[in-house]
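Residue numbers in the sequence shown follow this note's numbering, run continuously in steps of one, and reach 247 at the last position.
In this text, a Cβ means the ideal position worked out from N, Cα and C, and glycines have one as well.
Since the structure is predicted, the reported quantities are computational estimates derived from the model, not experimental observations.
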Amino acid sequence: MKKNIIKHLALSGTALLTLTFAGQSFAASAPFSDLGNTSAKSKIVILQEKGVLNGVGGGQFLPNSAMTAAQGIQLMVNALDLNIDLLRFIKEPKATDYYANANNDAWYADALIIAANNGLDLPADLKPDQAWSREVFTHELILAIEKHSNLPMIKIMPVEIADAAEFTNGYDGSIQRALVLGIAKLDAKGNFHPADNITRAEAAEMTYNALEYIKAHPAPAEGLS
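So, in structure tokens, the structure goes:
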């Protein structure tokens, strides 16, 4: 990621900073070489072409590898086109200002700063390199799109989930909404497997589904009923 562009401004006699982080490059890149028979291959390819997805180098995506918190946050920032272009700071923000376990020199540092300043519901003790479970990624994705996409309100009819007893308290609502909206899905036996690590392919597919839902269900224009 390119260096941050920092502009010094004067406002009421106080020096402030306006930061613009270089966005995701939308230049065409070589297709991932390791998707094989991945069920979500077509969705991954589309997200890559849109500049939403990053590989891991060498033309690889590693679809079956666990997605880390940092990777998941970068994916959401890219997908929702989040930024801090209009924010002003008294001092240059650091990832560790928001997440004590972050590394300010890591590739994900800018994404964490953007996420923190766009209200993503992330814990202060976030471990960027820790694998995210299916329930955590689903919860964070749903909250992010609901906060930033102005989705229309709909009545939720709960889905029967065979392993619902395994959910972490507080995540069940987000998972239910993800299932009802077609963003997530259960397996053939009706299980969600909330504690399993979410793979990079699964996270990409859910993100694609979320973007498709947003596109298909725009909220009513302001002032209209």
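Since residue i and residue j are thought to touch, with beta carbons under 8 angstroms apart, how far apart are those beta carbons, to the nearest angstrom?
i	j	result
Ala91	Lys149	6 angstroms
Thr160	Ala117	With 8 angstroms as the limit, Thr160 and Ala117 do not qualify as a contact, their Cβ atoms being about 24 angstroms apart.
Gly223	Ala62	Before going further, note that residue 223 is Ala rather than Gly in the sequence given. 5 angstroms between Cβ atoms; contact.
Pro180	Gln198	5 angstroms
What do you get for residue i, buried or exposed, if any count of 16 or more other CB atoms within 10 angstroms of its CB means buried?
i	result
Ser155	buried
Pro85	buried
Ser196	buried
Gln93	buried
Pro115	buried
Ile112	exposed
Let me know the secondary structure DSSP gives residue i once reduced to three states.
i	result
Gln152	coil
Ala88	strand
Asn76	coil
Phe111	strand
Asn140	coil
Asn172	coil
Thr60	coil
Asn231	helix
Thr190	coil
His239	coil
Asn123	coil
Asn213	coil
Asn105	coil
Please say whether residue j and residue i have beta carbons closer to each other than 8 angstroms?
i	j	result
Ile220	Met89	yes
Met228	Ile205	yes
Ile95	Ala137	yes
Leu233	Ala101	yes
Asn12	Asp147	No answer is possible for residue 12: it lies beyond the span of the chain, which begins at 23 and ends at 247.
Gly141	Lys169	yes
Tyr235	Leu69	no
Glu162	Thr190	no
Ala226	Lys65	yes
Could you say which of the options lies nearest to residue i if we only look at CA atoms?
i	options	result
Gly77	Ile95, Ala52, Thr229, Gly141	Ala52
Lys211	Ala184, Thr60, Ile112	Ala184
Leu108	Phe54, Leu208, Asn139	Asn139
Leu173	Lys237, Asp147, Val181	Lys237
Ile10	Tyr120, Gln93, Ile135	What the structure shows of the chain is the stretch from 23 to 247, and residue 10 is not part of that stretch, so it cannot be assessed.
Gly80	Ala128, Ser55, Val74, Leu69	Ser55
Asp218	Glu188, Val74, Pro240, Asp194	Glu188
Ser87	Asp151, Asn213, Leu208, Ile164	Asp151
Pro240	Glu182, Ser171, Leu208, Ala128	Ser171
Gly58	Ile112, Gln82, Val74, Glu71	Gln82
Pro145	Leu75, Tyr120, Ala128	Tyr120
Leu21	Asp127, Ile164, Ala131, Asn126	The requested residue 21 is not part of the displayed model; the chain covers only 23 to 247.
Does the ligand GDP have even one heavy atom less than 7 angstroms from the beta-carbon of residue i?
i	result
Leu173	As for the ligand GDP, it is missing from this structure, which has no ligand bound.
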